[in-house]
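Working notes, structure below.
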Amino acid sequence: MNLSDSVTEIKGIGDKTAAIFSKVGVVTVDDLIHYYPRNYKLYEQPVPVSSLTEGDRAAVFCRIVSGVAVSRGRRYTIVTLSAADDSGSVKMLWYNMPFLRNVLHKGESFVFVGTIRVKGASRVMEMPEYYTQFNYQKMLSTMQPVYPLVSGLTNNMVTKSMRTVAPLINRSEDWVRPELIERFGLIPLSKAMYTVHFPENKEELGKALERLAFDEFLHFILDVRKMKETNVKLVNSHVLTSEALSRIDGFVAGLGFKLTDGQKNAVDDIMNDMRLEHVMSRLIQGDVGSGKTVVAAAALYMNAVSGYQGALMVPTEVLAQQHFKELTRIFTPYKIKVGLLTGSLSAKERRLVYERLRNGEIDIVVGTHALITDSVEYKDLGLVITDEQHRFGVKQREKLGLKGNAPHVLIMSATPIPRTLAIILYADLDISVIKELPAGRKKIKNCVVGTDYRPSAYRFIQSEVRAGHQAYVICPMVEESETVDAENVVNYTDELSRELGYGIRVEYLHGRMKEQEKADIMNRFIAHEIDVLVSTTVIEVGINNPNATVMMIENAERFGLAQLHQLRGRVGRGDAQSYCIFINVKKTDDSMARLKVLEESNDGFYIASEDLKLRGPGEFFGIRQSGDMDFRVADIYRHVDILRMAQEAALEM
Ligand code: ADP
Ligand code: MG
Numbered sequence: 001m002n003l004s005d006s007v008t009e010i011k012g013i014g015d016k017t018a019a020i021f022s023k024v025g026v027v028t029v030d031d032l033i034h035y036y037p038r039n040y041k042l043y044e045q046p047v048p049v050s051s052l053t054e055g056d057r058a059a060v061f062c063r064i065v066s067g068v069a070v071s072r073g074r075r076y077t078i079v080t081l082s083a084a085d086d087s088g089s090v091k092m093l094w095y096n097m098p099f100l101r102n103v104l105h106k107g108e109s110f111v112f113v114g115t116i117r118v119k120g121a122s123r124v125m126e127m128p129e130y131y132t133q134f135n136y137q138k139m140l141s142t143m144q145p146v147y148p149l150v151s152g153l154t155n156n157m158v159t160k161s162m163r164t165v166a167p168l169i170n171r172s173e174d175w176v177r178p179e180l181i182e183r184f185g186l187i188p189l190s191k192a193m194y195t196v197h198f199p200e201n202k203e204e205l206g207k208a209l210e211r212l213a214f215d216e217f218l219h220f221i222l223d224v225r226k227m228k229e230t231n232v233k234l235v236n237s238h239v240l241t242s243e244a245l246s247r248i249d250g251f252v253a254g255l256g257f258k259l260t261d262g263q264k265n266a267v268d269d270i271m272n273d274m275r276l277e278h279v280m281s282r283l284i285q286g287d288v289g290s291g292k293t294v295v296a297a298a299a300l301y302m303n304a305v306s307g308y309q310g311a312l313m314v315p316t317e318v319l320a321q322q323h324f325k326e327l328t329r330i331f332t333p334y335k336i337k338v339g340l341l342t343g344s345l346s347a348k349e350r351r352l353v354y355e356r357l358r359n360g361e362i363d364i365v366v367g368t369h370a371l372i373t374d375s376v377e378y379k380d381l382g383l384v385i386t387d388e389q390h391r392f393g394v395k396q397r398e399k400l401g402l403k404g405n406a407p408h409v410l411i412m413s414a415t416p417i418p419r420t421l422a423i424i425l426y427a428d429l430d431i432s433v434i435k436e437l438p439a440g441r442k443k444i445k446n447c448v449v450g451t452d453y454r455p456s457a458y459r460f461i462q463s464e465v466r467a468g469h470q471a472y473v474i475c476p477m478v479e480e481s482e483t484v485d486a487e488n489v490v491n492y493t494d495e496l497s498r499e500l501g502y503g504i505r506v507e508y509l510h511g512r513m514k515e516q517e518k519a520d521i522m523n524r525f526i527a528h529e530i531d532v533l534v535s536t537t538v539i540e541v542g543i544n545n546p547n548a549t550v551m552m553i554e555n556a557e558r559f560g561l562a563q564l565h566q567l568r569g570r571v572g573r574g575d576a577q578s579y580c581i582f583i584n585v586k587k588t589d590d591s592m593a594r595l596k597v598l599e600e601s602n603d604g605f606y607i608a609s610e611d612l613k614l615r616g617p618g619e620f621f622g623i624r625q626s627g628d629m630d631f632r633v634a635d636i637y638r639h640v641d642i643l644r645m646a647q648e649a650a651l652e653m
């Protein structure tokens with residue numbers, strides 16, 4: 001077997017399984033070994049039931065003291081039982097696992113591993129794993145990788161396949177010179193790759209993640225540098241025409257609001273770049289809500305008036321549709337044609353868009369990854385903009401570059417990186433920063449509260465909806481399984497709908513829905529056909545509904561501060577006063593202190609730096625931060641030292 005072989009070469013993977021793997025981007029053996037866990041489960045000594053508090057993940061050794069009850073709900077079957085040790089009792093609950101009735105029996109003892117919920121005086125473990133004491137003993141102190149999954153793909157399938165290809169991992173070569181690796185005290189790449197899938201202990205895993213973070217930074221820095229170097233050399237064959245320059249003021253005046261100084265400067269910077277001798281490579285950095293979309297629109301306008309095509313790439317279907325609508329609205333009066341190209345188009349629709357791009361009928365195309373597949377050809381692509389996805393911008397540019405005749409590149413980001421780090425990461429890229437929010441925005445009012453505040457929060461949402469506004473509710477997370485999360489969103493929505501009462505339209509969004517379904521819901525929310533949107537974090541990136549004034553986040557303690565800041569950025573986008581309610585379910589001092597930072601400040605830079613100070617070293621992958629810095633292992637805030645190493649290495653390579 002070779003790294004470039006299809007996964008179907010792996011024993012046990014047939015066409016059907018391969019099709020499931022391809023959904024997560026795993027097509028070759030090489031893809032598989034780069035499919036990293038998103039977390040690890042630790043199996044530690046069982047603890048007494050009475051010592052458990054809300055949100056703990058732990059093992060308990062209990063005897064089943066009740067019968068095993070199976071009840072059939074509307075959407076799923078629930079299995080429950082009561083278990084106890086000397087210190088207290090706990091209820092166990094599973095969704096859609098009716099067969100457990102035949103596996104677990106009254107009087108037997110098991111080790112149950114799961115996350116505890118405290119509901120009044122009783123404790124519940126949802127979806128616990130269960131082991132005989134003998135089997136658990138064998139697992140004690142091992143670390144089990146938890147892979148990101150989609151429907152049809154189980155953790156077991158990934159683990160098993162990974163074991164089969166493990167010998168290949170050790171054979172892969174290091175691309176960084178040994179003396180550099182040694183100087184920085186890093187481990188070889190093959191060892192790191194192996195360890196990330198099969199860690200022996202936390203220390204070893206830590207070293208492996210360091211090495212992988214180093215590589216991610218290094219790739220990124222080298223990519224940015226390569227892009228810049230190429231662009232600096234490439235002659236600008238898409239020079240803005242004098243017509244474009246003379247009409248841009250009129251375009252901006254027609255937007256319906258006055259640009260902020262930051263927006264104006266960014267537009268000026270772009271205008272200057274696109275007139276010069278060489279191709280532009282610029283990063284626009286601005287906090288959520290700072291108004292980056294209109295800056296992109298201005299650039300696309302100048303480019304289109306000059307007679308060139310433009311492409312705007314975004315990470316999700318939902319965002320693509322939103323931008324498409326917005327740009328269509330802006331550009332229709334100018335007779336500039338906007339097109340949409342995403343994965344969910346039918347083959348026929350797609351072919352039509354391809355054709356219209358080839359013959360130049362479409363001036364501006366908005367889309368997802370679909371924009372860079374091989375079948376897309378442009379008549380004369382002059383400008384490529386990526387929104388909310390840095391790496392996408394840098395890495396895929398090359399491919400797009402081949403399609404166009406050296407297009408200009410604009411990258412838009414809301415990730416608040418301190419300037420010192422931005423300089424390292426973006427090397428020589430030109431940067432425009434939009435510092436301020438549009439005038440007239442009221443400061444978002446924040447509150448951090450416990451679960452007992454929920455009823456008041458619901459009343460508040462009711463009153464905002466009656467006043468004509470809308471609300472987002474980020475649903476509590478259950479176990480680390482998409483299936484359960486999805487069901488949970490559905491249940492929560494039912495409950496919330498009942499709480500809010502007749503006449504308030506509540507709908508939900510979750511990760512297992514089809515892209516098109518998600519986009520439909522989102523469009524209806526933006527069109528105000530929905531009042532309250534319950535969602536997992538899929539709405540995090542870029543969505544703009546200025547009429548939404550409330551953001552309520554359940555389990556706020558489970559998110560990184562920067563991510564919470566992004567979520568909060570979905571409100572406060574219009575003139576009305578907006579509110580963010582953080583529900584702190586696990587009320588520890590730590591979580592309170594962290595969330596208080598959000599209460600104090602609405603400044604992304606400040607929040608990111610405070611988060612860094614307050615974050616414990618415990619988490620393997622850190623808490624996932626904002627959407628657009630899509631490093632898988634590296635964390636710009638936490639791995640500052642490693643970033644500097646990568647910078648040094650990049651200079652020597
Ligand atoms: P982001 O930077 O997060 O991408 P958007 O571009 O989505 O922000 O803009 C957020 C909202 O602010 C949009 O509704 C947009 O129309 C509005 N907006 C942008 N610039 C201004 C401005 N200068 N004055 C008033 N509103 C603005
Ligand atoms: Mg945006």
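So for the sequence shown, our numbering puts the first residue at 1; every next one is plus one. Beta carbons are placed, not taken as given, at the ideal position from N, Cα and C, and that holds for glycine.
For the ligand MG, a non-hydrogen atom lies closer than 6 Å to the CB of Lys-292.
In this structure, Val-534 places its C-beta atom within 7 Å of the C-beta atom of Tyr-508.
Three or more Cβ pairs closer than 8 Å define a contact, and the segment 453 to 464 falls short of that threshold against the segment 297 to 313.
Take Lys-11, set aside five residues on each side of it, and the residues of its chain with a beta-carbon closer than 7 Å to its own are Thr-164, in chain order. For Ile-431, the pairing in a beta bridge is given by DSSP as Leu-283.
Relative to the non-hydrogen atoms of the ligand ADP, the Cβ of Pro-416 never comes closer than 6 Å to any of them. Per DSSP, Lys-91 is one residue of the beta strand (DSSP E) stretching across 88 to 95.
Rounded to whole angstroms, the gap between the alpha carbons of Ala-347 and Ala-69 is 49 Å.
Between Glu-204 and the set Leu-234, Met-302 and Ala-192, the nearest pair of CA atoms involves Ala-192. In this structure Pro-178 is exposed. Its beta-carbon is surrounded by fewer than 16 other beta-carbon atoms within 10 angstroms.
Taking a contact as a CB-CB distance under 8 Å, the pair Leu-180 and Ala-576 does not count as one, their CB atoms being some 54 Å apart.
The beta carbons of Arg-570 and Tyr-472 sit closer together than 7 Å. Rounded to the nearest angstrom, the Cβ distance from Leu-186 to Phe-217 is 12 Å, too far for a contact under 8 Å. Shortest gap from the CB of Asn-544 to any heavy atom of the ligand ADP: under 6 Å.
Three or more pairs of CB atoms, one per stretch, sit closer than 8 Å, so the segment 103 to 112 contacts the segment 54 to 65. When DSSP states are grouped into helix, strand and coil, Pro-128 belongs to the strand group. DSSP, read as helix, strand or coil, puts Thr-115 in strand. Looking at the backbone, the Cα of Thr-260 and that of Lys-292 are separated by about 11 Å. DSSP places Lys-445 within a strand segment (E or B) once states are collapsed to three. Beta-bridge analysis with DSSP links His-408 to Leu-383. Assignment of beta-bridge partners to His-369 by DSSP yields no partner.
Residue state for Gln-389 is assigned as coil, using DSSP reduced to three classes. Distance from the CA of Arg-171 to the CA of Gly-262, rounded to the nearest whole angstrom, comes to 50 Å. A Cβ-Cβ distance of about 18 Å is found for the pair Pro-128 and Tyr-40, leaving them out of contact under the 8 Å criterion.
Under the three-state reduction of DSSP output, Ile-362 falls in the coil class, being neither helix nor strand. Of Val-158, Val-24, Thr-17 and Ile-221, the smallest CA-CA separation from Gln-647 is found for Ile-221. By a beta-carbon distance limit of 8 Å, Leu-371 contacts Leu-341. Their separation comes to about 6 Å. Here DSSP, grouped into helix, strand and coil, assigns His-565 to helix. In the structure shown, Asp-603 adopts coil according to DSSP, grouped into three states. Looking at the DSSP output, His-278 shares a beta bridge with Val-235. In the three-state reduction of the DSSP assignment, Lys-587 falls in the coil class. By the neighbour-count criterion, in which a residue is buried when 16 or more other Cβ atoms sit within 10 angstroms of its Cβ, Ser-290 is buried. Rounded to the nearest angstrom, the gap between the Cα atoms of Asp-5 and Asn-488 is 39 Å.
Per DSSP, reduced to three states, the secondary structure at Asn-39 is strand. Of the other Cβ atoms in all chains shown, 16 or more fall within 10 Å of the Cβ of Val-295; this residue is therefore buried. Relative to the ligand ADP, Val-288 has its C-beta within less than 6 Å of a heavy atom.
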